[in-house]
Amino acid sequence: MAKEFNDSNFQAEVLDSDKLTVVDFWAEWCGPCRAIGPVIEELSKEYEGKVNIGKVNVDVNPQVSMNYGITSIPAILFIKGGQVVDKLVGAQPKGNFVKKIEAHSN
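Positions 1 to 106 (the UniProt record's numbering) are the ones given, in order, by the sequence shown.
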């Protein structure tokens with residue numbers, strides 16, 4: 001299951017991780033966010049133990065969202081070694097996520 005990242009655990013769970021971390025910035029009221037929710041869950045199962053995959057609810061965690069300049073959602077950041085290495089914005093097919101994960105997880 002996708003992890004729940006928030007303002008208080010973001011540093012430890014995402015920035016300090018030695019693995020690639022996929023962070024889905026979303027909100028309850030966002031239709032496209034709900035549309036990619038199942039894709040994020042599938043990826044978290046498929047890459048379990050290899051890649052950290054989680055979500056940040058922008059309504060509940062404004063600090064992390066502001067730190068990364070998230071202005072439209074869904075926004076998916078690919079973070080490795082504490083740095084953003086790639087980004088997707090808007091609802092995307094699963095293949096787009098897989099390509100980015102494969103490109104950055106080695």
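Beta carbons are placed, not taken as given, at the ideal position from N, Cα and C, and that holds for glycine.
Counting the other Cβ atoms within 10 Å of the Cβ of Val84 gives fewer than 16, which makes it exposed.
The residues Phe5, in chain order, have a CB closer than 6 Å to that of Glu13 in the same chain once the five nearest residues on each side in sequence are set aside.
Judged by DSSP secondary structure, Gln83 falls within the beta strand (DSSP E) whose first and last residues are 83–89. Per DSSP, Asn96 lies in no beta strand (DSSP E) segment; the continuous alpha helix (DSSP H) that holds it begins and ends at 94–104.
Put simply, the backbone Cα of Ile40 is about 10 Å away from that of Lys3.
As the crow flies, the alpha-carbon of Asp16 is around 31 Å from that of Gly31.
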